[in-house]
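*Asks:*
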Amino acid sequence: MATQIKSRQTAGPCGFQAIILAGFGTGLYPLTEANNLPKALLPIANKPMIWYVLKWCEEAGFLSVMVICQTQVESCLSSYLRNVYDGHIRVQVYALSGVDDVLGTADVIRKIHDKIKSDFIILSCDLIMNLPPHEILDFHRIHTPTVTFLLYDISKDENFIISKDSDRKMFFGINKSDNSLVFVKSEGEVNEEFIVRMSMLWKYPRIYVTSTLRDSHLYIFKRWVLDLIVQNERISSIQEDLIPLLLKFQYQSLLLKRYNIKELCSRNYGYNLGSDSLDEKPVRVISYLLPDNRYCLRSNTIQAYTDLNRNLSKISAEPRVCTTAKMAQKVIIGADSLVGENTKIDERCNVKKSVIGANCILGKSVTVVNSIIMNNVKIEDSVRLDGCIVCVNSVIGAKSKLKNCCISGGYEVPSETCARNDNLIVFDGI
1 MATQIKSRQT AGPCGFQAII LAGFGTGLYP LTEANNLPKA LLPIANKPMI WYVLKWCEEA
61 GFLSVMVICQ TQVESCLSSY LRNVYDGHIR VQVYALSGVD DVLGTADVIR KIHDKIKSDF
121 IILSCDLIMN LPPHEILDFH RIHTPTVTFL LYDISKDENF IISKDSDRKM FFGINKSDNS
181 LVFVKSEGEV NEEFIVRMSM LWKYPRIYVT STLRDSHLYI FKRWVLDLIV QNERISSIQE
241 DLIPLLLKFQ YQSLLLKRYN IKELCSRNYG YNLGSDSLDE KPVRVISYLL PDNRYCLRSN
301 TIQAYTDLNR NLSKISAEPR VCTTAKMAQK VIIGADSLVG ENTKIDERCN VKKSVIGANC
361 ILGKSVTVVN SIIMNNVKIE DSVRLDGCIV CVNSVIGAKS KLKNCCISGG YEVPSETCAR
421 NDNLIVFDGI
């Protein structure tokens, strides 16, 4: 089922179609449980997660984007896009059953293949970056690979402090002469040594291997790759099935014949490079490494979500305290904190390194440190929160002391509760 969100005229088309995947977000549980917001609307520095990738698409010049989500979150997501989102882009929401449960990312693309007419970009709704779109889009246009793969180096970003467990370690093999991506292996696939095919070494004798790079889940594909996905239902996941297969196509000639790749390439080959280019390199996977002066992160785990809120709140262009918020006397709001619209904070409250959403109420003598407070939360007198995430419509009873806890949407914490490293979740029917 598709819901079209109309908006005002935007910039000219950029020659690609954009598809944003807004799945359940298993790594963000319990933030994504039923009583809270869907993953795409979880706030980061007081803006919904999907706001950042939509703004990036607008900057790229897209006239419209497709957003794919689960049927159970379509209403909530469409309501935000229709009534709250302040952008100028047309958004088409496609709700599919089974997203993140049974369907993989490639399965999802297969479901809407008839909507994709040109080269296309896949983005995750949890991707946050300040990379100007034209840099990677022009790179793809110039090199015309089968897929351009955005990678970022977590060891070089001095402005963003990221916890070591924010994302799983991956090993990337890159041919330095032309930035071809040769192999990708997870940490679980690697023991004390790599096992590689001789055909790979003959074609790529000098491979640079690194474990500091991360997959941004931004991919720019040639249109013919969609035909490959449609014709091969065993390709379920982009990261786990499609990308490894495309990498093997670069050096295994028998696979090219088995999947009839040259015929697929020529069917949608629109760059007029001649048949010699097809014969020489019918499939090329090229990595685009994020420049050192840019940042790119994914909010796909609790730790990464916390890190992004902390980092983006420091550099946010929004006022530290919204003009409609009401502050009592002797309230301290740290320079690295944000306070949202219509929030009321009573006297002697102390907020440090935290993000407080809209329409919240903080009682007297409340201390909030290293925490994320979503919209419509009530915190009663003399509460101390340290390293907590409090979801929408929750109530924290007076004199409670919580450290490193996640409080699900609508949960009421009894007064004088003391908890550490716990998930406080509403269980329906209990």
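Just so we're aligned, residue 1 is where the sequence shown starts under the UniProt record's numbering, counting upward by one. From the three backbone atoms N, C-alpha and C, an ideal C-beta is built for every residue, glycine too. Source: prediction; values computed, not measured.
Could you give the C-beta distance for ILE238 and ALA60, rounded to a whole number, given that I count them as a contact under 8 Å?
*Replies:* Actually they are not in contact, since the Cβ atoms of ILE238 and ALA60 sit about 20 Å apart, beyond 8 Å.
*Asks:* What first and last residue would you give for the alpha helix (DSSP H) that runs through VAL230?
*Replies:* That run of the alpha helix (DSSP H) goes 224-231.
*Asks:* Does the beta-carbon of MET374 have 16 or more other beta-carbons within 10 angstroms, so that it is buried, or is it exposed?
*Replies:* The residue is buried, with at least 16 neighbouring Cβ atoms inside 10 Å.
*Asks:* From which residue to which residue does the alpha helix (DSSP H) around CYS76 run?
*Replies:* Looking at the DSSP string, the run of the alpha helix (DSSP H) that includes CYS76 is 74-83.
*Asks:* Within the continuous beta strand (DSSP E) that includes VAL369, where are the two ends?
*Replies:* Unbroken beta strand (DSSP E) run through VAL369: 367-369.
*Asks:* Name the two residues that bound the continuous alpha helix (DSSP H) containing LEU150.
*Replies:* First-last for LEU150: 147-153, but that is the beta strand (DSSP E), not the alpha helix (DSSP H).
*Asks:* Just reading off the alpha helix (DSSP H) that ILE50 is part of, what are its end residues?
*Replies:* Unbroken alpha helix (DSSP H) run through ILE50: 49-60.
*Asks:* Measure the CB-CB distance between THR144 and ILE286 and report whether it falls below 7 Å.
*Replies:* No, Cβ-Cβ distance for THR144 and ILE286 is not below 7 Å.
*Asks:* Would you verify that the beta carbon of VAL53 is, or is not, closer than 7 Å to some beta carbon of chain C?
*Replies:* Considering every chain present, this structure includes no chain C. It has just one protein chain.
*Asks:* Please go through the same chain and pick out, in chain order, the residues whose beta-carbon is closer than 8 Å to the beta-carbon of SER415, but skip the five residues on each side of it.
*Replies:* Excluding residues within five positions, the ones whose Cβ falls inside 8 Å are GLU380, GLY397, ALA398, LYS399 and SER400.
*Asks:* On the DSSP bridge assignment, give the partners of ARG384 in chain order.
*Replies:* Answer is THR367 and LYS401, bridged to ARG384.
*Asks:* So is residue 441 buried or exposed if we call it buried at 16+ other beta carbons inside 10 Å?
*Replies:* Outside the shown range of the chain, which is 1 to 430, sits residue 441, and nothing can be said about it.
*Asks:* With distances taken Cα to Cα, identify the nearest neighbour of VAL230 among ASN342, ILE333, LYS111 and PRO282.
*Replies:* When only C-alpha atoms are compared, the closest one is LYS111.
*Asks:* How would you write the range of the alpha helix (DSSP H) that GLN303 sits in, first residue to last?
*Replies:* Here the alpha helix (DSSP H) through GLN303 covers 302-315.
*Asks:* Reducing DSSP to helix, strand and coil, say where GLU318 ends up.
*Replies:* Three-state DSSP puts GLU318 in coil, outside helix and strand.
*Asks:* Starting from the C-beta of ARG234, find all residues in its chain whose C-beta is less than 8 Å away, skip the five residues before and the five after it, and write them out in chain order.
*Replies:* Counting only Cβ-Cβ distances below 8 Å, and skipping sequence neighbours, we find ASP241.
*Asks:* If contacts are defined as beta-carbon pairs under 8 Å, then LYS39 and LEU28 qualify, I think. What distance do you get, rounded to the angstrom?
*Replies:* Yes, they are in contact, since the Cβ atoms of LYS39 and LEU28 sit about 6 Å apart, within 8 Å.
*Asks:* If you draw a straight line from the alpha carbon of LEU245 to that of VAL331, how long is it in whole angstroms?
*Replies:* Each residue's alpha carbon lies about 57 Å from the other.
*Asks:* Going by C-alpha distance, which of GLU135, GLY357, ILE333 and CYS265 is nearest THR343?
*Replies:* Residue GLY357 is the option with its Cα nearest to THR343.
*Asks:* Taking the beta carbon of TRP202 as the centre, do at least 16 other beta carbons fall within 10 Å, making it buried, or is it exposed?
*Replies:* So TRP202 ends up on the exposed side.
*Asks:* Cα separation between VAL53 and PHE120?
*Replies:* Cα to Cα, VAL53 sits roughly 15 Å from PHE120.
*Asks:* For PHE427, which residues from the same chain have a beta carbon less than 7 Å from its beta carbon, with the 5 sequence-adjacent residues on both sides left out?
*Replies:* Nothing listed; no residue qualifies.
*Asks:* How should VAL209 be labelled, buried or exposed, when 16 other C-beta atoms within 10 angstroms of its C-beta is the threshold for buried?
*Replies:* Flag for VAL209 reads exposed.
*Asks:* Specify the secondary structure class of SER216 as computed by DSSP and reduced to three states.
*Replies:* DSSP places SER216 in strand when its eight states are reduced to three.
*Asks:* Taking DSSP as the reference, what is the three-state secondary structure of PHE427?
*Replies:* Three-state result, PHE427: coil.
*Asks:* Can you grab the Cα-Cα spacing for the pair TYR82 / LYS55, in whole Å?
*Replies:* Contrary to the premise, residue 82 reads as Arg rather than Tyr in this sequence. The alpha-carbon atoms of ARG82 and LYS55 are separated by roughly 15 Å.
*Asks:* Give a yes or no on whether the C-beta atoms belonging to LEU63 and CYS69 are separated by under 7 Å.
*Replies:* Going by C-beta atoms, LEU63 is not nearer than 7 Å to CYS69.
*Asks:* On the DSSP bridge list, what partners appear for ALA335?
*Replies:* In DSSP, ALA335 forms no bridge with anything.
*Asks:* Please say whether LEU256 and TRP224 have beta carbons closer to each other than 7 Å?
*Replies:* No, the pair does not count as a contact, with Cβ atoms beyond the cut-off.
*Asks:* Below 7 Å between beta carbons: does that hold for ASN300 and ILE44?
*Replies:* Their beta carbons are not under 7 Å apart, which means ASN300 does not touch ILE44 by this criterion.
*Asks:* With H, G and I counted as helix, E and B as strand and the rest as coil, what does DSSP make of LEU273?
*Replies:* Any answer about LEU273 is weak, because its pLDDT of 40 lies below 50 and its placement is not dependable; what the coordinates show is given next. Of the three classes helix, strand and coil, the one that applies to LEU273 here is coil, per DSSP.
*Asks:* So what does DSSP say about LYS330, is it helix, strand or coil?
*Replies:* Coil.
*Asks:* So, do the segment 29-37 and the segment 418-426 have three or more beta carbon pairs nearer to each other than 8 Å?
*Replies:* Judged by Cβ distances under 8 Å, the segment 29-37 makes contact with the segment 418-426, as three or more pairs qualify.
*Asks:* Among PHE249, CYS125, SER118 and GLY104, which one has its Cα closest to the Cα of VAL93?
*Replies:* The residue with the shortest Cα to Cα distance from VAL93 is CYS125.
*Asks:* Mind checking THR323: buried by the 16 CB within 10 Å criterion, or exposed?
*Replies:* Exposed: under 16 other Cβ atoms inside 10 Å.
*Asks:* On the three-state DSSP scale, how would you describe VAL392?
*Replies:* Correct three-state label for VAL392: coil.
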